[in-house]
Amino acid sequence: MATGRVRKASLICPDNLAGALLEGVQSWGKMEFISIGEGSPSDPDTGNWEKISFILDTVESYAPPEPAFRKLRDGVPRVSISRAREIEEQVDIASDYGKLRKLDLDIKQAQSAISESEREAQLFKGLAEIPVSSSDTEFDTLYAEIGVFENVSAGELGEGVYVFPVAGPHKAVFYFRDSAGDTRRALEEAGFRRTGLPEDKTPEEAVKSAEKRVSRLKEKMSSCREAIRKDFLPNLFEYRVLGDIYENRIEREREALKGSETAYFKVLEGWIPRESEKELVELLEENFPAAYAEFSAPGKDETPPVILKNRGVFRPFETVTTLYGTPGYGQVDPTPYTAPFFILFFGLCLSDAGYGVVMMLVSLLALKKLKLREGAKKFLRMLVWGGGMSVLVGALMGSWFGNAARGSFLDRFMVYDALENPEQFLYFSVGLGFIHVLLGVIISAGKNILERDYREAFFSDIPWVGVLVFGGVFGVARIMGADAPARFSGYLVSAAAAAVVLFSGYRSSGIAARIGSGLYNLYGGIDYLKDMLSYSRLFALGMATAILAMAVNEIAGFLTSGFGYVLIPFVLLGGHLVLNLFMSSLSAYVHTSRLQYVEFFTKFFKGGGRLFTPLSWRSRRVELAVTE
Amino acid sequence: MTGIIYVIFAAALAMGLAGGGSAIGIGYAGRAANGVLSEDPDRFGIMLILVALPGTQGIYGFISAFLIILQVDLLGGTPVELTAVQGLQFVGAALPIALTGLISGIHQGKVCAAGIGVAEKKPGDAMKAVIYGALVETYAVLGLVITIFLLNGIQV
Chain A
1 MATGRVRKAS LICPDNLAGA LLEGVQSWGK MEFISIGEGS PSDPDTGNWE KISFILDTVE
61 SYAPPEPAFR KLRDGVPRVS ISRAREIEEQ VDIASDYGKL RKLDLDIKQA QSAISESERE
121 AQLFKGLAEI PVSSSDTEFD TLYAEIGVFE NVSAGELGEG VYVFPVAGPH KAVFYFRDSA
181 GDTRRALEEA GFRRTGLPED KTPEEAVKSA EKRVSRLKEK MSSCREAIRK DFLPNLFEYR
241 VLGDIYENRI EREREALKGS ETAYFKVLEG WIPRESEKEL VELLEENFPA AYAEFSAPGK
301 DETPPVILKN RGVFRPFETV TTLYGTPGYG QVDPTPYTAP FFILFFGLCL SDAGYGVVMM
361 LVSLLALKKL KLREGAKKFL RMLVWGGGMS VLVGALMGSW FGNAARGSFL DRFMVYDALE
421 NPEQFLYFSV GLGFIHVLLG VIISAGKNIL ERDYREAFFS DIPWVGVLVF GGVFGVARIM
481 GADAPARFSG YLVSAAAAAV VLFSGYRSSG IAARIGSGLY NLYGGIDYLK DMLSYSRLFA
541 LGMATAILAM AVNEIAGFLT SGFGYVLIPF VLLGGHLVLN LFMSSLSAYV HTSRLQYVEF
601 FTKFFKGGGR LFTPLSWRSR RVELAVTE
Chain B
1001 MTGIIYVIFA AALAMGLAGG GSAIGIGYAG RAANGVLSED PDRFGIMLIL VALPGTQGIY
1061 GFISAFLIIL QVDLLGGTPV ELTAVQGLQF VGAALPIALT GLISGIHQGK VCAAGIGVAE
1121 KKPGDAMKAV IYGALVETYA VLGLVITIFL LNGIQV
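First to last, the protein sequences are chains A and B.
Residue numbers for the first sequence follow our numbering, so the first one is 1 and each next one is one higher.
Residue numbers for the second sequence follow our numbering, so the first one is 1001 and each next one is one higher.
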């Protein structure tokens, strides 16, 4: 299936209508704008964003943390755009910002003052034994200083300097004013660190005063915080709505700047899905009669965005495709081919009906009960399908939590025992690889025909399809001992191989170079064989799940005495669900994806596209809904 | 009866080397993931996948060791009597998963550790890093396939 087609829409409207038109298009949600010039802002009202952002950051930090499970269960609240607008009118952003800013500033200033006071209290606590203030230490002929010596003992300071211990490591230094210069130099060399004394207070009084100040400031901080909790926290929902409204407004602004303009008109260009042209015309006629739209096909030198338009079961598997890359515009979208093989391979890798049931039920329950984002929903839907296939494969192979249900009525569904005949499972896996690789080459041929690259399709792809199909028939006929079909298909393989040698080197010039290149291409066919063998991982991972489950059951079986009975549920739950189901489903997902990317996509998928991202209402803190 | 000694050695080889490879691999990835988690604890989910990925080799080793133990009925307490040649066949059968598990486990750990860097800077591309990690594991998967077939072919 090819990717969706787009049309280019040019919207022209009076300059004063641009903001409303952009909002209308945003609500419509089907237009991706292209940059055609240096437009001017259409809505000058985005200046409040900084205020809203500050309010949100501050108030959110006061909100009690919401349990993760409740967040998953309830999701974000849904608000219609019209209700959001009412909220915007009710909230006085400038006033709230002013009040909150003041409270926040008061808290910050108090915090800073508390640190300062605590530091002061700490400092003077060490000097509490000294019963004087700094004003008591001023003398006519002497200087008196208090501090700590870091390097040397006070005895090396020279004559006329008197040092007395006063409190702990603190020393009082007395020296004459006449020789102050020399003494201060000596003090510096001795690593004298001045601590000083408080002015007009003794150190003990200063400590008490600082402690009182700290207590008062803490009270102030607490009352500011209480004011934020009381006056602003109840409005958090409204602020969140405003946050989303403003972020969307800013996004519209970004789109407006992509437009071009004349003195009175604004021109906006963008891509819309081809089938939505009429819808856009109707939207303009109903709501913006002064606007005019023109439509055109994408130009040859343009790179339009890509729309993946898969439905139903195929849709969740778009994530597998886009994880690898986005197909180019008009190229084949591999999703519909990926989905059935992904489900089948995942089921074969997990290959246990019990695990499949658990996976399906948990995924369905999560889809029903939790409010999840679209990406998570897609992933869970993939797990539902993969789990379902695992139930089917596991039931047919008689694997229900390993061998736990052997001997029960469930054996009636078993048609094959992989532990008895593992080689058949391997042949089946490689056989599936053959079909998958062949499909890849057929899609490549179809794609080249659609793109009118007939030489690549008929000279390269189709001869290889012949080699693979007839080679497959030849192999089956030989295994079944049917000589005549084997001989006939053998001739056809040779003919197809000859076609590869003769034609696939068509890009080279000269017959010898073409045949040489063709021979090299034929040798390159070994890659197809290598690709098919890579599918043996389906067998290995399927066996790994079954044997590990069996090992868990065996270990639990050893515990059937005394205290061991208590451990059995832990061993079974931990072994089956935590270890085996987790590791096996991780391996199943990763290796199934790898088979798609490395063995399948490389046959036909070029990528290089860019996904269609129309302007629409983005929801982050609340779910903004266009309808009520 | 000496054969059973080789069988025990084969089971120990499969589990020990493949498990050792996984342990080293998870060690590399785990250290890198902890570095990221210290900055951004919300990335735990995707980090867990990248850290757990090199753990599969140990499981393959465990499965092979378990198959060996089952085949000679070591669990039942009365193991099958084996000659030294039969026992050595088990050692040979255990080697593919033991060696591929050891080497690929270590290297997968290194690829996943680098992938954690991708997941940190571009969370949207983290699954691409997971796929690269899976490419390394291919050889342990093939080792397991051969070990299963070799064990299946040993007559006891």
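Ideal Cβ placement from N, Cα and C applies to all residues, glycine included.
Fair warning: this is a prediction, and the values are worked out from it, not measured in the lab.
Check: Short CB-CB distance (under 8 Å) between residue 1130 of chain B and chain A; Outcome: yes
Check: Test item: CB-CB of residue 296 of chain A and residue 8 of chain A under 8 Å; Outcome: yes
Check: Rounded separation between residue 446 of chain A and residue 452 of chain A - CA only; Outcome: 10 Å
Check: Proximal residues to residue 255 of chain A (C-beta, below 7 Å), its chain only, five neighbours per side dropped; Outcome: 22, 33 and 615
Check: Cβ neighbour criterion (16 or more within 10 Å) applied to residue 178 of chain A; Outcome: exposed
Check: Continuous beta strand (DSSP E) stretch holding residue 272 of chain A: start and end; Outcome: 265-273
Check: Length of the line joining the Cα atoms of residue 29 of chain A and residue 249 of chain A; Outcome: 14 Å
Check: Cutoff 7 Å; reference residue 592 of chain A; Cβ partners in own chain excluding five residues on either side; Outcome: 342, 345, 346 and 349
Check: Distance, residue 176 of chain A Cα to residue 140 of chain A Cα; Outcome: 9 Å
Check: Nearest-angstrom Cα separation, counted from residue 542 of chain A out to residue 389 of chain A; Outcome: 13 Å
Check: Any C-beta of chain B under 8 Å from that of residue 539 of chain A; Outcome: yes
Check: Chain B within 8 Å of residue 594 of chain A, Cβ atoms only; Outcome: yes
Check: Inter-residue Cα distance where the pair is residue 423 of chain A and residue 1056 of chain B; Outcome: 22 Å
Check: Option in A/560, A/561, A/554 and A/562 with minimal Cα separation from residue 576 of chain A; Outcome: A/554
Check: Length-filtered (4 minimum) alpha helix (DSSP H) runs lying within the segment 550-612 of chain A; Outcome: 564-572 and 582-594
Check: Identified DSSP bridge partners for residue 13 of chain A; Outcome: A/266
Check: Identity of the residues DSSP links to residue 403 of chain A by a beta bridge; Outcome: A/400
Check: Spatial neighbours of residue 456 of chain A in its chain, beta-carbon cut-off 7 Å, leaving aside the 5 residues before and after; Outcome: 448
Check: Below-8 Å beta-carbon distance, residue 1049 of chain B vs any chain D residue; Outcome: Of the chains in the structure shown, none is chain D; the protein chains are A and B.
Check: Where the beta strand (DSSP E) containing residue 293 of chain A begins and where it ends; Outcome: 292-296
Check: Length of the line joining the Cα atoms of residue 1008 of chain B and residue 1019 of chain B; Outcome: 16 Å
Check: Contacts that residue 1066 of chain B makes with chain A (C-beta to C-beta distance below 7 Å); Outcome: 547 and 551
Check: The segment 529-539 of chain A contacting the segment 427-440 of chain A, beta-carbon criterion three pairs below 8 Å; Outcome: yes
Check: Whole runs of the alpha helix (DSSP H) within the segment 204-261 of chain A, excluding any shorter than 4 residues; Outcome: 236-256
Check: Where residue 1020 of chain B sits in the DSSP three-state scheme; Outcome: helix
Check: Residue 12 of chain A beta carbon less than 8 Å from that of residue 624 of chain A; Outcome: no
Check: As assigned by DSSP and simplified to three states, the class of residue 1059 of chain B; Outcome: helix
Check: Exposed unless 16 or more other CB atoms sit within 10 angstroms - verdict on residue 1093 of chain B; Outcome: buried
Check: Chain B contact for residue 422 of chain A (CB, 8 Å cutoff); Outcome: yes
Check: Residue 184 of chain A versus residue 149 of chain A: straight-line alpha-carbon distance, rounded; Outcome: 13 Å
Check: Where residue 1075 of chain B meets chain A, residues with beta-carbon distance less than 7 Å; Outcome: 554
Check: Within 9 Å of chain B by C-beta, residues of the segment 597-618 of chain A in sequence order; Outcome: 597 and 598
Check: Straight-line Cα distance separating residue 333 of chain A from residue 91 of chain A; Outcome: 48 Å
Check: Cβ contact check for the segment 509-516 of chain A and the segment 1107-1114 of chain B: 3 or more pairs under 8 Å; Outcome: no
Check: Residue from A/267, A/233 and A/318 whose Cα sits closest to the Cα of residue 17 of chain A; Outcome: A/267
Check: Sequence-distant residues of its chain with Cβ nearer than 6 Å to residue 485 of chain A (five each side left out); Outcome: 477
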